[in-house]
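Under our numbering, the first residue of the sequence shown carries the number 1, and numbering increases by one thereafter.
Let me begin by presenting the structure, written as structure tokens, before commenting on it.
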Amino acid sequence: MKKLPLLLIGSSKVRGFTLMEVLVVMFIFTLASLLIAEIFVNVQRAQQNTRDAQIAYTDARYLLEVLSREIRASTIAYGEYPSSTPESVETVLHLTSGEGKVLSFRHDTAACPGVPCVTIERDLGGESVISSPNLSVDKLEFYITPLADPFPDTVTVGTPDIQPQVTIVLKTSSLNIKIQEQKPIYLQTTVASRVYKR
């Protein structure tokens, strides 16, 4: 068995780390720690943005479902539009419920402070906001077909023989995500009224 030599502190044979080696190791360790911390922060930020985008998408789908449900259960209130016919593209949708009450959905920039939203007015009873407070409704358009009432009180020749339907075009964005990181959410659906009067 070979004996290891005993080194004394004052001896010139004592080996250790030089100052330069210690500094290089500390630099590498610090750099690795900073990179790991930066990756962790970026992953957390990406997860938060994904979560906020998913919440905004869910809120937009819910808003679209509320509008669709009301359209299915109601008829289009053609008489509420100027000249009794809607334009080809509307930002206001007037419906008549089964009880005969008028519902008006509109894209409103004044009802919510600084944020465009969707409001409902029930039979001239005041407006209430139906879109989420975390959602900016950048665009809401209604394409109503047919443009003339297919169920007038007096049937005349040339009355459209088509079930009323509304195509809803919705563009939203989340208010919880920074503007430069936002991606707009586009949704569109076509809904036919289930009320048939003939």
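Every residue gets a Cβ at the ideal spot worked out from N, C-alpha and C, and that includes glycine.
Quick caveat: nothing in here was measured; it's all calculated off a predicted structure.
**Report entry** Selected residue, minimal CA-CA separation from Thr96, among Ile120, Cys112 and Val89
**Finding:** Ile120
Report task. If I'm right that His94 touches Ser104 with Cβ under 8 Å, what's the distance once you round it to whole angstroms? Result -> 5 Å
Query raised in the report: Is the CB-CB distance between Val166 and Phe142 below 8 Å?
Result: yes
Query raised in the report: Does the distance from the C-beta atom of Thr75 to that of Pro164 stay below 8 Å?
Result: yes
Requested in this report: Kindly list the residues whose CB is nearer than 6 Å to the CB of Glu215, restricted to its own chain and excluding five residues on each side of it in sequence; keep chain order.
Outcome: Missing from the structure shown is residue 215; the chain here goes from 1 to 198 and no further.
Query raised in the report: Is it true that the stretch 55 to 66 meets the stretch 126 to 137, where meeting means three or more beta-carbon pairs spaced less than 8 Å apart?
Result: yes
Query raised in the report: Which word fits Arg72, buried or exposed, when buried means at least 16 other C-beta atoms lie within 10 angstroms of its C-beta?
Result: exposed
Report task. Tell me where the alpha helix (DSSP H) around Phe29 begins and ends. Result -> Leu19 to Ala73
Report task. Mind reading off the beta-carbon distance from Pro116 to His107? Whole number of angstroms is fine, and I expect it under 8 Å. Result -> 7 Å
Query raised in the report: So what's Ile177 in DSSP terms, helix, strand or just coil?
Result: coil
Query - Cross-strand partners of Ser136 (DSSP beta bridge) - result: Ser173
Query raised in the report: Taking Val169 as the reference, which of Ile36, Leu63, Met20 and Ala37 has the closest Cα?
Result: Leu63
Report task. Rounded to whole angstroms, what's the CA-CA distance from Lys101 to Val66? Just pull it up for me. Result -> 17 Å
**Report entry** 8 Å contact criterion, which Ser174 and Ala46 should meet: CB distance rounded
**Finding:** Not confirmed; about 14 Å, so no contact.
Query raised in the report: Is it true that the CB of Lys171 sits closer than 8 Å to the CB of Asp123?
Result: no
Report task. Report, in whole angstroms, the separation of the C-beta atoms of Thr189 and Ser68, which I expect to be a contact under 8 Å. Result -> 6 Å
Query - DSSP three-state assignment for Tyr81, whether helix, strand or coil - result: coil
**Report entry** Through-space distance from Thr50 to Gln44, alpha-carbon basis
**Finding:** 10 Å
Query raised in the report: Among Gly98, Glu99 and Ser128, which has the Cα closest to the Cα of Ala110?
Result: Ser128
Requested in this report: Could you tell me the boundaries of the beta strand (DSSP E) in which Asp149 lies?
Outcome: Note, Asp149: premise wrong, no beta strand (DSSP E); not H, not E.
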